[in-house]
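Read the structure below first, then the notes.
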Amino acid sequence: MANLLAAVVLCFTCATLLPAQDPGPAAKNGEGALARALLGSWRLDAELSRRLGADGRAARVEFRSDAAVASRLPAATVARLQQQQLPVLQQGTMLVDGSEHSFVLTVQQGDPMVLGFRADAGAPLAEVGAFAVALARGKDAGRDLLLLGVGEPGAAMAAYTREVAAKRGLTPQATVTHMMQLLEAGKAREFVETYAAPDDLARLIEGGRTLDDLAARFTGDRLQTLLAVLDSVSKAEPEWNQARDEVKWPNTTGDGPKEVKLKLVDGRWYLKDR
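With the numbering used here as the guide, the letters of the sequence shown map in order to residues 1 to 274.
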């Protein structure tokens with residue numbers, strides 16, 4: 001994970017150093033699109049990452065734009081990047097499994113790179129590394145594929161799929177209603193991608209399951225049972241834990257799981273498997 005952070009931060013640092021300059025030929029030939037498309041939330045595609053030889057990476061990464069990052073970069077880093085005249089394509093903060101770091105996106109020797117930085121308890125930013133980044137555009141943004149380098153140059157890259165946008169700020173009951181809408185529309189895979197708790201999903205995939213395997217569970221009688229349970233709990237007040245980041249309802253339908261549990265992660269409710 002440290003390697004991934006270093007790579008991501010490096011790219012973002014380069015992006016902030018030369019905001020007033022012309023981005024240059026490299027930035028004009030696609031890197032600008034990469035800088036825009038990089039922003040957002042990404043979830044590890046464990047199955048594809050294993051095929052690429054990059055196991056054990058962060059389950060979720062998120063990139064957010066923040067123009068203030070440049071003013072906090074180490075002086076030595078700024079001097080080096082200015083001397084090399086690296087274009088600044090993007091800058092901001094990134095979350096790696098919830099841990100926040102600063103990053104810069106640049107182009108180094110023709111390749112998009114991420115520069116990563118860490119700050120410890122109010123200390124200045126410290127550069128932690130640089131990694132390659134690439135993005136394969138899908139038919140639509142929801143099918144984009146992000147590749148992040150996680151080692152020495154030429155090492156395997158981990159694959160990430162764009163996280164399906166779930167609605168933030170919903171009550172637990174409204175979240176359950178949206179789950180039902182996806183299932184009733186036959187969007188079982190989107191249901192899994194959107195509402196399976198990140199830790200549960202990573203565990204299941206590491207155990208050899210694919211997203212299609214998981215989506216196939218929500219068909220036929222099993223689907224109808226789940227819909228009945230969700231419909232029941234969506235109309236009832238849940239029991240909250242003391243931290244107010246978890247709710248649960250007892251299943252009173254007589255069929256299906258013993259209870260329904262939701263976990264609040266980064267402002268969104270997820271369905272817990274355990």
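Cβ atoms here follow ideal geometry from the backbone N, Cα and C, with glycine treated the same way.
Quick caveat, the model's predicted, so the values are computed rather than measured.
Our contact map puts residue i next to residue j with C-beta atoms below 8 angstroms; I'd like the distance itself, whole angstroms only.
i      : j      : result
THR253 : ALA228 : 5 angstroms
TRP269 : THR175 : 4 angstroms
ALA197 : LYS263 : 6 angstroms
Considering only the alpha carbon of each residue, which of the options lies closest to residue i?
i      : options                       : result
ARG162 : ALA155, ARG137, GLN181        : ARG137
SER99  : HIS178, GLY256, LEU146, ARG60 : ARG60
GLU47  : LYS258, ARG244, GLY207        : GLY207
ARG143 : VAL247, SER41, LEU262, GLU246 : SER41
GLY116 : ALA130, GLY110, GLN108        : ALA130
GLN181 : GLN224, ALA35, ARG43          : GLN224
GLN109 : LEU95, LEU262, LEU81, LEU147  : LEU81
GLY149 : HIS178, ALA141, MET113        : MET113
LYS261 : THR93, ARG222, ALA70, PRO172  : PRO172
PHE103 : GLY267, SER65, ARG244         : SER65
LEU86  : ASP199, ALA75, ASP111         : ASP111
Between which two residues does the alpha helix (DSSP H) harbouring residue i extend?
i      : result
GLY220 : 220 to 234
THR77  : 75 to 84
GLU193 : 188 to 195
LEU204 : 198 to 206
THR177 : 172 to 184
Would you tell me roughly how many angstroms separate the C-alpha atoms of residue i and residue j, rounded to the nearest one?
i      : j      : result
GLU239 : GLN90  : 43 angstroms
LEU52  : MET157 : 7 angstroms
HIS101 : SER234 : 37 angstroms
ALA33  : LYS272 : 36 angstroms
ALA58  : ASP97  : 6 angstroms
VAL247 : GLY220 : 27 angstroms
VAL78  : ALA185 : 51 angstroms
ASP22  : VAL107 : With a pLDDT of 34 at ASP22, under the threshold of 50, the predicted position of this residue should be treated as unreliable, and no value is reported.
LEU170 : ASP245 : 13 angstroms
HIS178 : SER71  : 42 angstroms
LYS139 : ARG36  : 16 angstroms
THR93  : LEU73  : 12 angstroms
ASP199 : ALA76  : 38 angstroms
ARG118 : ASN241 : 33 angstroms
ALA243 : GLY267 : 14 angstroms
LEU230 : GLY256 : 10 angstroms
VAL69  : ILE205 : 35 angstroms
GLU237 : VAL88  : 49 angstroms
ALA67  : LEU95  : 16 angstroms
ALA141 : ARG222 : 31 angstroms
Closer than 6 angstroms by C-beta to residue i: which residues in its own chain qualify, once you throw out the five before and the five after it? Chain order, please.
i      : result
ALA215 : ALA188, ARG189, VAL192
VAL265 : none
THR210 : GLU47
To which residues of the same chain is residue i closer than 8 angstroms at the C-beta, ignoring the five residues directly before and after it?
i      : result
LYS258 : PRO250, ASN251
LEU38  : PHE63, GLN90, LEU105, VAL133, LEU135, LEU146
ALA159 : LEU44, ASP45, LEU48, SER49, LEU52, ALA54, LEU145, LEU146, LEU147
ASP212 : ARG189
In the DSSP assignment, find the unbroken beta strand (DSSP E) run with residue i in it and report its ends.
i      : result
GLU47  : Where GLU47 is concerned, there is no enclosing beta strand (DSSP E), although the alpha helix (DSSP H) it sits in stretches over 46 to 52.
PRO112 : 111 to 118
GLU259 : 259 to 265
PRO87  : Neither: PRO87 is in no beta strand (DSSP E) and is coded neither H nor E.
LEU100 : Per the sequence shown, residue 100 should be read as Glu rather than Leu. Note, GLU100: beta strand (DSSP E), 99 to 108.
ALA243 : Note, ALA243: premise wrong, no beta strand (DSSP E); not H, not E.
ALA158 : 157 to 162
LEU148 : 145 to 149
LEU271 : 268 to 271
For residue i, which residues of its own chain have a beta-carbon under 7 angstroms away from its beta-carbon, when the five flanking residues on both sides are left out?
i      : result
PHE218 : LEU183, ALA188, PHE191, LEU226
SER232 : THR252, THR253
GLN83  : none
ALA155 : GLY149
Does the Cβ of residue i lie closer than 6 angstroms to at least one heavy atom of the ligand SAH?
i      : result
PHE218 : No copy of the ligand SAH appears in this structure; indeed no ligand is present at all.
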